[in-house]
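Letter by letter, the sequence shown follows residues -17 to 120 in my numbering. Structure first, commentary second.
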Amino acid sequence: MLTNRRPQAVLLLEGINDLNNDVSVSRIGSALRQMLDAAASVGVPVAIATMYQTYEEVSPSGVVRTNGAALVPALNAEIRRIAAGRLNVYVVDLESRMRDRRFVGNDGLHPEDAGFDVMTSAFLSVLEAAFPVRGSFQ
């Protein structure tokens, strides 16, 4: 897909559904490495995000969904390790920018509108720093 479409950049937020489905951090890390390698092979820069904190949720019937909450710090450490030292890979730090519980919905997994606003701002900040605009927009 990267060779056919020739994107100017890839924005990558990956792993939360995997954590929620009991996929290991090391397996997620392996998949992320493959994605970064694929982008690097065609010269496409990547803005890769750390994961925002998720929260356990208990349904009205008492069923507990962990949402991978306990594994988020380990996943973020893995993301930072994977990104470190790679050319054209920029880390978007959602972990620190979305620490407030109000950014995540009642299900403990999906962002609220305010969370999406924070995500947008975080990605935009990294993109503006990585790809400075010269001149002006029309």
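We put the beta carbon where it would ideally sit given N, CA and C, even for glycine.
Look at the alpha carbon of residue i and the alpha carbon of residue j, and state the distance between them as a whole number of angstroms.
i: residue 88; j: residue 94; result: 9 angstroms
i: residue 23; j: residue -9; result: 13 angstroms
i: residue 110; j: residue 6; result: 33 angstroms
i: residue 52; j: residue 27; result: 30 angstroms
i: residue 56; j: residue 72; result: 19 angstroms
i: residue 60; j: residue 44; result: 32 angstroms
Assign residue i to one of three DSSP states: helix, strand, or coil.
i: residue 38; result: coil
i: residue -13; result: helix
i: residue -5; result: coil
Suppose contacts are defined by Cβ-Cβ distances below 7 angstroms. Is residue i in contact with residue j by that definition?
i: residue 29; j: residue 105; result: yes
i: residue 50; j: residue 32; result: no
Using the Cβ count rule (16 or more neighbours within 10 Å means buried), how would you classify residue i?
i: residue 21; result: buried
i: residue 25; result: exposed
i: residue 69; result: exposed
Report yes or no: is there a C-beta of chain D within less than 7 angstroms of the C-beta of residue i?
i: residue 11; result: No chain D is present in this structure, which holds just one protein chain.
Can we say the segment 1 to 13 touches the segment 52 to 68, given the rule of at least three CB pairs closer than 8 angstroms?
yes
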